[in-house]
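The next block holds one structure in the form of structure tokens; read it before the comments.
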Amino acid sequence: MKKINKVLIPIAGYGSRMFPETLGVVKAMLPLVDKPVILYLIEEALLAGMNEIIIVMSKSQESVKDYLTLKDEALFTKFKDKAEVKYLKELLAKVKFDFIIQTEQKGLGDAINCGKEIIKDEDFGVILGDNPILAHSGEAFGIGQLYNEYQKNPGYYIGVKEVPMEDTKKYGIVSGKDYHLTSFELDGMVEKPQNNPPTNCAALGRYILQSSIFDYLAKTEAGVGGEIQITDAIKKAIGKEKVYGTKLIGNCHDTGSRNGFVIANLDYAMERNDVKDQLLSFIENDYKL
Ligand code: G1P
């Protein structure tokens, strides 16, 4: 059984669906209650035992590197006894970070390709920077859920979930004859089909990829939106590699969109004993739900 240590988290996108906020703040640094999205993603990677994290960012996002490397020493010294500071230091001490600049924002496929020199011939995970997952069951979720499948049967794994048919045009959509099962082999994948989606199983921000993906990416031309799409590279792998879809458990959020961001905040707030009661009583009193 191969151990996967590396996870790539691409965050360079403009976050244009969250303007004007993301004209000044990196999308992955938006808070869910009081913690930036990226910390939830890092926690998820660590839970899966993957502690080498490759952040692919744009050159204007150095603030993320400063945050994750605790650059403001004076601040961390001044508040060293605060529980939140201890939490952050302890969490980040468990990670070996690499920060890579994606010079042009040419799509998710290009962002993943930026990790090639560090990843070399290893299999690796990918967690999209605006797709936190909140699972209530205590089971492995997100990249850990895919990794459990990979350990039983190595291959490419795409985390998917069924979405309403009318939403399929927003996602990478997978197909496979057993697509109604929890885990199934893919026979196709298409990026944001504008009509005739093959299924309603959408890729929702988690991938385990084998290093052969870099060969397929090298042959992948710009696709939807003029961008290099990871979906198109995975499509090339289908038939040559073992490529599976796994239905993700938990609530898969999209913090890159307005409604998704607000809903995610509500979901994460309801998890918090120090926030939940006041929030519920406000909703009950003011909205008479
Ligand atoms: C990207 C991927 C798409 C996937 C989606 C999940 O699209 O290209 O296949 O379904 O993330 O969030 P984006 O939302 O960046 O346009």
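Under our numbering, think of the first position of the sequence shown as 230, with each following residue one higher. Think of the CB as a built atom: it goes at the ideal place given N, C-alpha and C, for glycine as much as any other residue.
- Taking 7 Å as the cut-off, the Cβ atoms of residue 438 and residue 481 do not count as close.
- A distance criterion of 6 Å places the beta-carbon of residue 460 in contact range of the ligand G1P, judged by its closest non-hydrogen atom.
- Separation of residue 515 and residue 265 (C-alpha to C-alpha, rounded to the nearest whole angstrom) is 28 Å.
- As computed with DSSP, residue 499 is found in no beta bridge at all.
- Less than 7 Å separates the beta-carbon of residue 497 from that of residue 262.
- 7 Å or more divides the Cβ of residue 343 from the Cβ of residue 356.
- Distance check between residue 297 and each of 400, 323, 424 and 310 places 323 closest, using alpha-carbon atoms only.
- For residue 446 against residue 338, the beta-carbon gap comes to about 6 Å, under 8 Å, which counts as contact.
- Relative to the ligand G1P, even the nearest heavy atom lies 6 Å or more away from the CB of residue 385.
- It is roughly 22 Å from the alpha-carbon of residue 269 to the alpha-carbon of residue 310.
- The ligand G1P has no heavy atom closer than 6 Å to the beta-carbon of residue 488.
- In summary, residue 388 is buried, with 16 or more beta-carbon neighbours lying within 10 Å of its beta-carbon over all protein chains present.
- Assigned with DSSP and collapsed to three states, residue 359 falls in coil, not helix or strand.
- For residue 408, the shortest C-beta to heavy atom distance toward the ligand G1P is 6 Å or greater.
- Membership of residue 475 in the beta strand (DSSP E) is indicated by the continuous run 472-476.
- Per DSSP, the continuous beta strand (DSSP E) segment holding residue 404 begins and ends at 401-404.
- Collapsing the DSSP output to three states places residue 279 in coil.
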